[in-house]
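**Q** Chains A and B are the protein sequences, given in the same order. Quick note on the working numbering: the first sequence kicks off at 1 and runs consecutively. Quick note on the working numbering: the second sequence kicks off at 291 and runs consecutively.
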Amino acid sequence: NLTKNFSDLFLKLRRKSYLTEKDVDSILRDVRNVLLEADVNYKVAKNFCEEIRVKAVGEKVLKSLSPGDVVAKIIVDEMTSLLGSLKQELKLAGTPPVIMLVGLQGSGKTTTCAKLGVFLKNKGMNPLLSACDVKRPAASEQLEVLCSKYGLHFSPVNISSALKSVEDSLLSARKNMNGAVLLDTAGRLHVDEEMIGELVEIKEKFKPQEVLLVVDAMTGQEALQIAESFNQRVGISGIVLTKMDGDARGGAALSMKAVTGAPVKFLGTGERAEDLSEFYPHRMAQRITG
Amino acid sequence: AGSRGKLSDEEISSLEEALITSDMGHELALELIKIAMSKDPDKIYESIRSELVKKLEVPAKTAPKAIPYVIMTVGVNGTGKTTSSAKLGKLLSDRGRKVIFAAADTYRAAGVLQLQIWAEKLGIDIVSGYEGGDSAAVVHDALEAAVSREKDVLIIDTAGRLHTKVNLMNELLKIDKVLKKKNPLYPNETLIVMDATTGQNAVSQAKIFSEFSSLTGIILTKYDGTSKGGCIFPIVEKMKIPVKYLGIGESEDDFEEFDPLKFAGALLK
Ligand SMILES: Nc1nc2c(ncn2[C@@H]2O[C@H](COP(=O)(O)OP(=O)(O)OP(=O)(O)O)[C@@H](O)[C@H]2O)c(=O)[nH]1
Ligand SMILES: Nc1nc2c(ncn2[C@@H]2O[C@H](COP(=O)(O)OP(=O)(O)OP(=O)(O)O)[C@@H](O)[C@H]2O)c(=O)[nH]1
Ligand SMILES: [Mg+2]
Ligand SMILES: [Mg+2]
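Written out as structure tokens, the structure is:
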């Protein structure tokens with residue numbers, strides 16, 4: 001029924017034959033609320049509505065035949081372009097390329113690691129999946145079970161440190177001639193200095209081709225700060241938005257893209273290895289705006 | 291002043307930002323702003339905070355006594371059910387209760403092992419099935435063991451499931467049937483475990499989970515992050531489900547009973 005709001009709004013817009021500036025003001029108030037209901041960050045929603053106002057009060061639009069249609073289109077188009085209009089590929093140059101998965105606790109990193117493993121395996125890249133979580137009970141076993149289920153090479157955690165775990169896996173990858181290495185790291189808070197420092201250390205030492213921030217689609221307002229912190233301290237090259245098979249609108253995607261510029265490279269759409277989808281900006285814009 | 295009460299537009303805007311970024315939603319934020327605008331500037335914090343506390347003070351449904359007392363954790367994937375089950379087990383065990391766990395997540399990779407490791411660390415008894423087994427069967431076995439081993443509390447840790455997946459939600463009904471067969475009062479408590487970073491989707495989760503089990507409380511996890519946990523307000527206020535515990539870290543002691551005044555104060559910081 002949140003979806004109903006935006007379609008109602010567009011319906012209201014479409015019935016008008018002429019939009020005054022005052023109309024645009026009240027419409028944008030509604031648009032802002034719909035974005036907030038979709039978990040778009042307050043500041044991002046505000047800026048977005050300002051951008052729309054500038055475009056919508058243009059002479060051309062207000063006097064056009066169906067200004068409501070034009071404004072509705074401006075909103076979806078603007079959001080689509082903000083979400084990134086080009087298909088974003090994984091950077092896989094490197095011998096072997098290393099992809100590091102990072103993010104908050106429980107966001108879906110280990111599951112996504114297995115999904116990317118199958119994805120790369122199907123591309124003929126023979127990946128090695130490396131368990132680097134020394135803290136969570138049965139974290140290494142979780143990845144190991146997934147690897148045996150999907151026929152993927154597995155490098156167990158080295159309980160002395162995440163760094164040692166990475167080292168072990170790179171040695172193993174060289175020995176077994178793996179075409180890529182996926183690092184599954186422990187969940188951590190963006191404000192945990194020590195744990196963020198661990199990622200910085202891994203990045204500086206092993207220079208991964210990709211650092212993917214794995215984020216739960218139901219993340220609320222704080223997605224902005226989370227993405228900004230990870231990007232400023234560690235640097236991220238892409239985002240994976242998980243649990244998109246639920247009914248969360250996923251406004252976090254817009255906030256994170258706005259603050260980091262990092263593209264959403266994949267969507268998690270379920271718990272199985274095959275539940276990894278491409279990111280379609282237009283489709284996401286429709287989901288966010290309902 | 292005047293039609294906008296005693297606050298400047300800028301003050302209203304910054305109050306609005308603070309309230310909305312707490313994840314409480316724009317409707318509740320607007321309600322609180324209207325209150326703020328009718329008050330003297332030095333009374334605003336107090337009046338908003340007391341309004342929030344009022345919304346959070348929901349009488350806990352006093353669960354009937356039973357031996358063993360059965361508590362079940364439910365919720366969407368990755369919110370902290372297994373970790374919270376362990377923490378709750380420790381809390382009750384420290385209070386002298388004889389606790390036993392049911393590792394009813396027979397689905398997720400290493401789901402059973404994760405709780406087994408916790409149980410071993412905490413010195414708490416555990417009944418587990420095997421991966422791929424039937425979770426209702428694990429619950430049945432755990433109930434039997436709880437009785438025969440004379441335990442006071444059985445804590446059932448279930449698999450994560452999205453509320454939008456009907457077949458997974460139906461599994462909860464199956465577990466409920468097994469429990470009710472043993473004792474119509476079971477489960478004494480069903481706690482929905484929610485992540486403090488969740489936004490507006492929290493309401494949808496609570497609504498649908500409450501259609502499949504009678505929720506008696508919320509465990510709000512990862513409150514040690516920067517999210518204010520405002521997503522719980524509409525759930526507590528409209529559905530009358532109280533927040534019972536806060537998860538404030540990844541260790542067994544990072545668990546505290548919910549304090550509405552402290553929570554409301556922290557939100558407004
Ligand atoms: N429905 C659904 N569930 C998912 C998805 N991705 C992950 N999960 C589930 O979310 C839960 C958490 O996933 P994990 O892979 O353990 O998350 P994590 O980020 O590795 O967790 P930590 O290592 O503890 O930080 C598990 O129950 C997964 O099966 C998804 O796209 N859809
Ligand atoms: N910082 C922090 N992390 C937490 C808290 N509670 C749980 N976690 C972490 O969140 C992650 C997921 O916890 P789990 O207990 O596996 O979550 P779950 O709900 O059982 O996950 P599924 O069974 O896969 O649905 C783990 O890395 C936990 O250590 C908390 O209060 N604070
Ligand atoms: Mg993990
Ligand atoms: Mg669990």
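For glycine and all other residues, C-beta sits at the position ideal for the given N, C-alpha and C.
(1) Whole-angstrom Cβ separation of A/S107 and A/D30, contact assumed at under 8 Å?
(2) Taking 7 Å as the limit between beta carbons, can you name the residues of its chain near A/S85, skipping five residues before and five after?
(3) Chain B partners of A/V214, CB-CB under 9 Å?
(4) Going by DSSP, name the residue or residues bridged to B/I445.
(5) Can you grab the Cα-Cα spacing for the pair B/K344 / A/L36, in whole Å?
(6) Let me check you understand the geometry: is the CB of A/Q105 closer than 7 Å to at least one non-hydrogen atom of ligand 2?
(7) Would you tell me roughly how many angstroms separate the C-alpha atoms of B/D549 and A/S81, rounded to the nearest one?
(8) Give me the subset of the segment 189 to 201 of chain A whose CB atoms are less than 8 Å from a CB atom of chain B, sorted by chain position.
(9) Compare the C-beta of A/S155 against all C-beta atoms of chain B and say whether one is closer than 8 Å.
(10) On the DSSP bridge list, what partners appear for B/P340?
(11) Quick one: residues in its chain with C-beta nearer than 8 Å to the C-beta of A/K109, no 5 flanking neighbours on either side, listed in chain order?
(12) Against chain B, with Cβ distances strictly below 8 Å, would A/G261 count as a contact?
(13) Does the beta carbon of A/E222 come closer than 8 Å to any beta carbon on chain B?
(14) May I have a chain-ordered list of the beta strand (DSSP E) segments no shorter than 3 residues that lie completely inside the segment 387 to 436 of chain B?
(15) Say whether chain B places a C-beta atom closer than 8 Å to the C-beta of A/Q209.
(16) When a residue counts only if its C-beta is closer than 7 Å to some heavy atom of ligand 6, which residues count, in chain order?
(17) Quick one, which residues of the segment 433 to 463 of chain B are near chain A if we go by CB-CB under 7 Å, in chain order?
(18) Strictly under 8 Å for the Cβ-Cβ distance: is B/I310 near chain A by that measure?
(19) Does the CB of A/A138 have a neighbour CB from chain B at under 8 Å?
(20) Can you pull the chain B neighbours of A/T219, defined as C-beta to C-beta under 8 Å?
(21) What three-state label does DSSP hand B/L475 in the structure shown?
(22) Which value, in whole angstroms, describes the spacing of the CA atoms of A/P97 and A/T269?
(23) To the nearest angstrom, how far is it from the Cα of B/K355 to the Cα of B/D485?
(24) Pick from A/V34, A/S255 and A/A114: whose alpha carbon is nearest that of A/A273?
(25) Quick test of your reading: A/L189 and A/S155, contact by CB under 8 Å. State the CB separation rounded to the nearest angstrom.
(26) I'd like to know if B/G365 contacts chain A, where contact means its C-beta is closer than 8 Å to some C-beta of that chain.
(27) In the structure shown, what three-state DSSP assignment does A/M284 receive?
(28) Is it the case that the Cβ atoms of B/I310 and A/Q221 are separated by a distance below 8 Å?
(29) May I have the straight-line CA-CA distance separating A/H153 from A/C147, to the nearest angstrom?
(30) Can you tell me whether DSSP reads A/K4 as helix, strand or coil?
(31) Thinking B/K518 and B/E440 are a contact (beta carbons under 8 Å), I'd like their distance in whole angstroms, please.
**A** If we stick to the structure as given:
(1) Residue mapping note: residue 107 of chain A aligns to position 107 of the first sequence, counting from 1. Residue mapping note: residue 30 of chain A aligns to position 30 of the first sequence, counting from 1. Between A/D30 and A/S107 the Cβ distance is about 31 Å, and since that is not below 8 Å, they are no contact.
(2) Taking the first sequence and counting its residues from 1, the one referred to as residue 85 of chain A is at position 85. The beta carbon of A/S85 lies closer than 7 Å to those of P281 in the same chain, with the five residues before and after it left out.
(3) Working through the first sequence from its first residue, we reach residue 214 of chain A at position 214. Counting only Cβ-Cβ distances below 9 Å, A/V214 has no contacts in chain B at all, with the closest Cβ about 10 Å away.
(4) Residue numbering aside, residue 445 of chain B sits at position 155 when the second sequence is read from its first letter. Bridge partners of B/I445 according to DSSP: B/I361 and B/F391.
(5) Taking the second sequence and counting its residues from 1, one reaches residue 344 of chain B at position 54. Taking the first sequence and counting its residues from 1, one reaches residue 36 of chain A at position 36. Their backbone Cα atoms lie some 24 Å apart in a straight line.
(6) Locating residue 105 of chain A in the first sequence gives position 105, counting from the first residue. A heavy atom of ligand 2 is found nearer than 7 Å to the CB of A/Q105.
(7) The residue labelled residue 549 of chain B in the question sits at position 259 within the second sequence. The residue labelled residue 81 of chain A in the question sits at position 81 within the first sequence. Rounded to whole angstroms, the gap between the alpha carbons of B/D549 and A/S81 is 44 Å.
(8) Listed in sequence order: L189, H190 and V191.
(9) Stepping through the first sequence from its first residue, residue 155 of chain A is reached at position 155. No, no contact with chain B.
(10) Locating residue 340 of chain B in the second sequence gives position 50, counting from the first residue. Note that residue 340 of chain B is Ser in the sequence shown here, rather than Pro. According to DSSP, which records beta bridges pairwise, B/S340 is partnered with nothing at all.
(11) Within the first sequence, residue 109 of chain A is the residue found at index 109, counting from 1. Here the set comprises L101, V102, G103, D184, T185, G187 and V214.
(12) Within the first sequence, the letter at position 261 stands for residue 261 of chain A. No - not a single Cβ of chain B is within 8 Å of the one on A/G261.
(13) Along the first sequence, one-based indexing puts residue 222 of chain A at 222. Answer yes: the Cβ-Cβ gap between A/E222 and chain B drops below 8 Å somewhere.
(14) Qualifying beta strand (DSSP E) stretches, in chain order: 389 to 393 and 415 to 418.
(15) By one-based count along the first sequence, residue 209 of chain A stands at place 209. At a cut-off of 8 Å, the C-beta of A/Q209 has no neighbouring C-beta in chain B.
(16) Questions concerning ligand 6 fall outside what the structure shown contains, since the ligands it does hold are ligand 1, ligand 2, ligand 3 and ligand 4.
(17) Interface annotation for the segment 433 to 463 of chain B against chain A: L452 and T454, criterion Cβ-Cβ distance under 7 Å.
(18) Start at 1 with the first residue of the second sequence, and residue 310 of chain B comes out as number 20. Yes, its Cβ sits closer than 8 Å to a Cβ of chain A.
(19) Residue numbering aside, residue 138 of chain A sits at position 138 when the first sequence is read from its first letter. It does; some Cβ of chain B falls within 8 Å.
(20) As a first step, residue 219 of chain A is located in the first sequence; it is residue number 219 there, counting from the start. Per Cβ cutoff of 8 Å: T487, T488 and G489.
(21) To locate residue 475 of chain B, count along the second sequence from 1; it is residue 185. In the three-state scheme derived from DSSP, where H, G and I count as helix and E and B as strand, B/L475 is classed as coil.
(22) Taking the first sequence and counting its residues from 1, one reaches residue 97 of chain A at position 97. Taking the first sequence and counting its residues from 1, one reaches residue 269 of chain A at position 269. For the pair A/P97 and A/T269, the Cα-to-Cα distance works out to about 25 Å.
(23) Position 65 of the second sequence, counting from 1, holds the residue named residue 355 of chain B. Position 195 of the second sequence, counting from 1, holds the residue named residue 485 of chain B. Here the C-alpha atom of B/K355 lies approximately 29 Å from the C-alpha atom of B/D485.
(24) For this step, residue 273 of chain A is matched to residue 273 along the first sequence. Nearest of A/V34, A/S255 and A/A114 to A/A273, Cα basis: A/A114.
(25) If you number the first sequence from 1, residue 189 of chain A lands on position 189. If you number the first sequence from 1, residue 155 of chain A lands on position 155. By a beta-carbon distance limit of 8 Å, A/L189 does not contact A/S155. Their separation comes to about 26 Å.
(26) Here residue 365 of chain B refers to the residue found at position 75 when the second sequence is read from its first residue. No, B/G365 does not count as interfacial toward chain A.
(27) Counted from its first residue, the first sequence places residue 284 of chain A at position 284. DSSP, reduced to helix, strand and coil, places A/M284 within a helical segment of the structure shown.
(28) Looking up residue 310 of chain B in the second sequence gives position 20. Looking up residue 221 of chain A in the first sequence gives position 221. Yes, Cβ-Cβ distance for B/I310 and A/Q221 is below 8 Å.
(29) Here residue 153 of chain A refers to the residue found at position 153 when the first sequence is read from its first residue. Here residue 147 of chain A refers to the residue found at position 147 when the first sequence is read from its first residue. Taking the CA atoms as reference points, A/H153 sits about 6 Å from A/C147.
(30) Translated into the one-based positions of the first sequence, residue 4 of chain A becomes position 4. Low per-residue confidence applies at A/K4: pLDDT is 46, beneath 50, and the placement is therefore not dependable, though the value from the model is reported in the following sentence. Helix, per DSSP.
(31) Sequence index remark: in the second sequence, residue 518 of chain B carries index 228 (1-based). Sequence index remark: in the second sequence, residue 440 of chain B carries index 150 (1-based). The Cβ separation is near 43 Å, so there is no contact.
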